[in-house]
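A.B. asks: Can you read through this structure? Questions will come right after.
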Amino acid sequence: MAPLVAVVSSPRARLFACFLRLGTQQAGPLQLHTGACCTAKNHYEVLVLGGGSGGITMATRMKRRVGAENVAIVEPSERHFYQPIWTLVGAGAKELSSSDRSTLSVIPSGVQWIQDRVAELNPDQNCIRTDNGKEISYRYLIIALGIQLDYEKIKGLPEGFAYPKIGSNYSVKTVEKTWKALQDFKEGNALFTFPNTPVKCAGAPQKIMYLSEAYFRKTGKRSKANIIFNTALGTIFGVKKYADALQEIIRERNVSVNYKHNLIEVRADKQEAVFENLDKPGETHVIHYEMLHVTPPMSSPDVLKRSPVADSAGWVDVDKETLQHKKYPNVFGIGDCTNLPTSKTAAAVAAQSGILDRTISLIMKNQTPTKKYDGYTSCPLVTGYNRVILAEFDYTAQPLETFPFDQSKERISMYLMKADMMPFLYWNMMLRWVSHLMPVQRAPICLWVGCFRGSLWLPLKAGLANETYSTVPFLKS
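Residues 0 to 476 in numbering that gives the first Met the number 0 are what the sequence shown lists, from first letter to last.
Spelled out as structure tokens, the structure:
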């Protein structure tokens, strides 16, 4: 493919190019910053950084826009995980293998896979550099690098995971340790934490708490378990409608919640967790645990923190409605790595990808983006082995519900959707982006009729009849 920017050789030509670049930068958001380019041998019309949910979805969309040979994706990992199912893996309801496929199998056919890690972004020169020293230039850049887990910011971790009775559903290396700790529980404190940072899937830290409580009830250990949820936040959930429902569940199930308590140290050899009281600086509390589930502090990936595309907190600085970068018009962000003021979930990525696809398509035509992202996100709050509250909301923390019933109620049908339908939709629709059929974030309602046909109808019918159905073999009545 011919380079988009010709090599300028003479001094006069270089001076002219310099003025041309200045004019381009001052002409407004539709004038792309493509007047400068590094001397990279590898050039792509669209370069995608990250092979997670957002990266794969956008690579699929861009393939349809500009052709597979003009799209590349930079991703070092050989495996791709559907992470939302790890909540159920940590509770023994799903196998870890069900969340795992090869990265090669999910990358759109024909799209170039650069199996390397991003080391540096140079948006002023429209190029990036990888760990192996490869320079890659682009006309459009999509950043989908996800979020970074910072276990090491808690004293005693990650080395503490070598001890029993401690796990974390946020890592493929530790999620099965949660299930082991749950099975080995005898009596004492079952402790669950939420950090003082942004996190992905903000409902997950309490989902495993509800599942653990249900497990203790089913196995006759509930009377011996003191369930504690220590959160750095000041509320159980950010949307009042769902927070009220969760508070009622917490009251009914006798769960202790301590707000403004942040985990700062784990003494795994002594089975002790140390918390700071955010309302009283300098005050700490030590809790002995029989089981500990850790939600780690999280942050933007280090490569973004030190790059020109980041805001002061390290997140990709994008317009919250169009997902276009605020400084570099040919740079875009999607998902957990951005500063979009909404919950970081796969459902949010699904909604954002449609907006971003439209934004880029209009910019490619030198038109102003018109489609606006409203902050839609969704969190299936698992409250038991056969119950889910399906929270859906927007930037303003107002419910934005799909179904024609009150989604703040625990429902078996929503559990089936979370456990069985959504993984299928993820692998077969979201990553392939069957956008001509239905928008993924609203796909569940389109499949609603389908669940009354075939194999899904029988367990759903049984569950509605006796309220005991569970997809977990050892919990079936």
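Think of the CB as a built atom: it goes at the ideal place given N, C-alpha and C, for glycine as much as any other residue.
No experiment lies behind these values; they were computed from the predicted model shown.
Measuring alpha carbon to alpha carbon, tell me which residue in L190, G51 and K240 is nearest D491.
C.D. replies: The shown model of the chain, from 0 to 476, leaves out residue 491, and the question about it has no answer.
A.B. asks: What does the Cβ neighbour count give for H260, buried or exposed, with the cut at 16 atoms within 10 Å?
C.D. replies: Within the sequence shown, residue 260 is the residue found at index 261, counting from 1. The residue is buried, with at least 16 neighbouring Cβ atoms inside 10 Å.
A.B. asks: Please report how far the alpha carbon of D115 lies from the alpha carbon of P296, in whole angstroms.
C.D. replies: As a working mapping, residue 115 is identified with position 116 in the sequence shown. As a working mapping, residue 296 is identified with position 297 in the sequence shown. Each residue's alpha carbon lies about 25 Å from the other.
A.B. asks: For L156, does the three-state DSSP call read helix, strand or coil?
C.D. replies: For this step, residue 156 is matched to residue 157 along the sequence shown. Shown here, L156 sits in coil according to DSSP, grouped into three states, outside any helix or strand.
A.B. asks: Return the chain-ordered ranges of every alpha helix (DSSP H) run that is complete within the segment 41-73 and spans a minimum of 4 residues.
C.D. replies: 52-65
A.B. asks: Starting from L140, trace the beta strand (DSSP E) in both directions and tell me its first and last residue.
C.D. replies: Locating residue 140 in the sequence shown gives position 141, where the first residue counts as 1. First-last of the beta strand (DSSP E) with L140: E134 to I142.
A.B. asks: With a Cβ-Cβ cutoff of 8 Å, do Y372 and L303 count as a contact?
C.D. replies: Translated into positions along the sequence shown, residue 372 becomes position 373. Translated into positions along the sequence shown, residue 303 becomes position 304. No. Outside cutoff.
A.B. asks: Within the same chain, show all residues whose beta-carbon is closer than 6 Å to that of T294, passing over the 5 residues directly before and after it, in chain order.
C.D. replies: Counting from one through the sequence shown, the residue named residue 294 turns up at place 295. So the list reads T192, F193, P194 and P204, once near-sequence residues are dropped.
A.B. asks: For V171 versus L144, is the C-beta distance shorter than 8 Å?
C.D. replies: One-based indexing of the sequence shown puts residue 171 at position 172. One-based indexing of the sequence shown puts residue 144 at position 145. Going by C-beta atoms, V171 is not nearer than 8 Å to L144.
A.B. asks: Would a C-beta distance cut-off of 8 Å place N225 and G187 closer than the cut-off?
C.D. replies: Here the question's residue 225 lines up with position 226 in the sequence shown. Here the question's residue 187 lines up with position 188 in the sequence shown. Yes. Within cutoff.
A.B. asks: On the three-pair Cβ rule with 8 Å, is the segment 346-356 touching the segment 318-335?
C.D. replies: yes
A.B. asks: Skipping 5 residues on each side, what residues in its chain have a beta carbon closer than 7 Å to that of Y214?
C.D. replies: Stepping through the sequence shown from its first residue, residue 214 is reached at position 215. Correct list, in chain order: A90 and L181.
A.B. asks: Helix, strand or coil, according to DSSP, for T376 in the structure here?
C.D. replies: Position 377 of the sequence shown, counted from the first residue, corresponds to residue 376. DSSP places T376 in strand when its eight states are reduced to three.
A.B. asks: Would you identify the three-state DSSP class for F392, choosing helix, strand or coil?
C.D. replies: Indexing the sequence shown from 1 puts residue 392 at position 393. Three-state result, F392: strand.
A.B. asks: On the three-state DSSP scale, how would you describe I354?
C.D. replies: The residue given as residue 354 occupies position 355 in the sequence shown. In the structure shown, I354 sits in a helix (DSSP, three-state: H, G or I).
A.B. asks: Taking 8 Å as the threshold (C-beta atoms), are P307 and C496 in contact?
C.D. replies: It is not possible to answer for residue 496, since the shown part of the chain is limited to 0 through 476.
A.B. asks: Pick from T367, I106 and A346: whose alpha carbon is nearest that of L424?
C.D. replies: The residue labelled residue 424 in the question sits at position 425 within the sequence shown. Closest option to L424, Cα to Cα, is A346.
A.B. asks: Excluding five sequence neighbours on each side, which residues of the same chain lie with their C-beta closer than 6 Å to the C-beta of P379?
C.D. replies: Counting from 1 along the sequence shown, the entry for residue 379 is found at position 380. Excluding residues within five positions, the ones whose Cβ falls inside 6 Å are V387, L389 and K417.
A.B. asks: Give me the residue from G313, G159 and S407 with the minimum Cα distance to Q270.
C.D. replies: In the sequence shown, counting from the first residue as 1, residue 270 sits at position 271. Out of G313, G159 and S407, G159 has the C-alpha closest to the C-alpha of Q270.
A.B. asks: Could you tell me which residues DSSP pairs with W112 in its beta bridges?
C.D. replies: For the purposes of this step, residue 112 is identified with residue 113 of the sequence shown, where counting begins at 1. In DSSP, W112 forms a bridge with I72.
A.B. asks: Taking all protein chains shown into account, decide if V330 is buried (16 or more other Cβ within 10 angstroms of its Cβ) or exposed.
C.D. replies: Numbered from 1 along the sequence shown, position 331 holds the residue referred to as residue 330. Classification for V330: buried.
A.B. asks: On a Cα-Cα basis, can you pick out the residue from P197, I55, D301 and T173 that is closest to W85?
C.D. replies: For this step, residue 85 is matched to residue 86 along the sequence shown. For W85, the closest C-alpha among the options P197, I55, D301 and T173 is that of T173.
A.B. asks: Shortest alpha-carbon distance to Y288 belongs to which of Y139, F274 and K279?
C.D. replies: Locating residue 288 in the sequence shown gives position 289, counting from the first residue. It is F274 whose Cα lies nearest to the Cα of Y288.
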